[in-house]
Amino acid sequence: MSLAHAILGVVEARPMNGYELARFFDAHAGWVWSAPRSQIYPQLRNMEDAGLITAERQVRGERLERRVYSITAAGAAELREWVSTPFDTRSKRDALLLQALYFDVVDPTVAVAVLRNVIDEQAAIARSWASHADQLRRHNTPLLKERLKRRPPTEHERIARIKAHVFDAGTALAQARIAWAEEGIRILTAGPDDAIAAE
Numbered sequence: 002m003s004l005a006h007a008i009l010g011v012v013e014a015r016p017m018n019g020y021e022l023a024r025f026f027d028a029h030a031g032w033v034w035s036a037p038r039s040q041i042y043p044q045l046r047n048m049e050d051a052g053l054i055t056a057e058r059q060v061r062g063e064r065l066e067r068r069v070y071s072i073t074a075a076g077a078a079e080l081r082e083w084v085s086t087p088f089d090t091r092s093k094r095d096a097l098l099l100q101a102l103y104f105d106v107v108d109p110t111v112a113v114a115v116l117r118n119v120i121d122e123q124a125a126i127a128r129s130w131a132s133h134a135d136q137l138r139r140h141n142t143p144l145l146k147e148r149l150k151r152r153p154p155t156e157h158e159r160i161a162r163i164k165a166h167v168f169d170a171g172t173a174l175a176q177a178r179i180a181w182a183e184e185g186i187r188i189l190t191a192g193p194d195d196a197i198a199a200e
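Each residue of the sequence shown is one higher than the one before, starting from 2 at the first, in our numbering.
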């Protein structure tokens, strides 16, 4: 996946200027794809040069100008092509699992503290994802409302449900990480007799 595809997916729902896109990625899209502001503006220029988006210059006030980006037919085709292509789901990197692989080089209390932090972070993530999934099911997010305006009413429920399903996956992944971290804590705090009994 690339930032370009994430941007195409957003401006397919409604045109946005660079500032709005940056705020959207800060607040929402970061759940599935994060992008620092320093990458968004150069990417918009590249996409415009490639004909994937078009920019309309709008003047605000006396001198303030902004560029509002819309998806082009070529951009919509690129988005459909990308969405239609199977994705390699084999994980290439997982910093947490790499870190956990070497928990044996630190005192178990240190490793337990790391895992407790994982539990706290993932619990917050799970709550956030679950809340957003619920809002999507109720057709109650600003971008979904914009997207549904452009789609036939017969598709609204399916669109909302598949988007909520994505956030259900995020919730499930966070809950799986919590369960994994809790089991890690049990292993790290088990006495020698517990380890022998488990084998």
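The beta-carbon is built from N, C-alpha and C at its ideal position, and this holds for glycine as well.
Put simply, of Val-167, His-166, Ala-165, His-140 the residue whose alpha carbon is nearest the alpha carbon of Pro-154 is His-140. Leu-145 is the residue among Gly-171, Thr-172, Leu-145 whose C-alpha sits nearest the C-alpha of Arg-159. In the three-state DSSP reduction, Ser-71 falls in the strand class (E or B).
Per DSSP, the continuous alpha helix (DSSP H) segment holding Thr-172 begins and ends at 154-190.
The Cβ-Cβ distance between Leu-98 and Val-119 does not fall below 8 Å. Of Ile-72, Gly-62, Leu-174, Ile-41, the smallest CA-CA separation from Leu-53 is found for Ile-72. Arg-91 sits exposed, since fewer than 16 C-beta atoms from the chains shown fall within 10 Å of its C-beta. In the structure shown, Glu-57 falls within a strand segment according to DSSP collapsed to helix, strand and coil. Under the Cβ criterion (8 Å, minimum of three pairs), the region 119-133 counts as touching the region 161-181. By the criterion of a C-beta distance shorter than 8 Å, Arg-138 is surrounded in its chain by Ala-161, Arg-162, Ala-165, once the five residues flanking it on both sides are discounted. Excluding the 5 residues flanking it on each side, Ile-186 has same chain C-beta neighbours closer than 6 Å at Val-113, Leu-116, in chain order.
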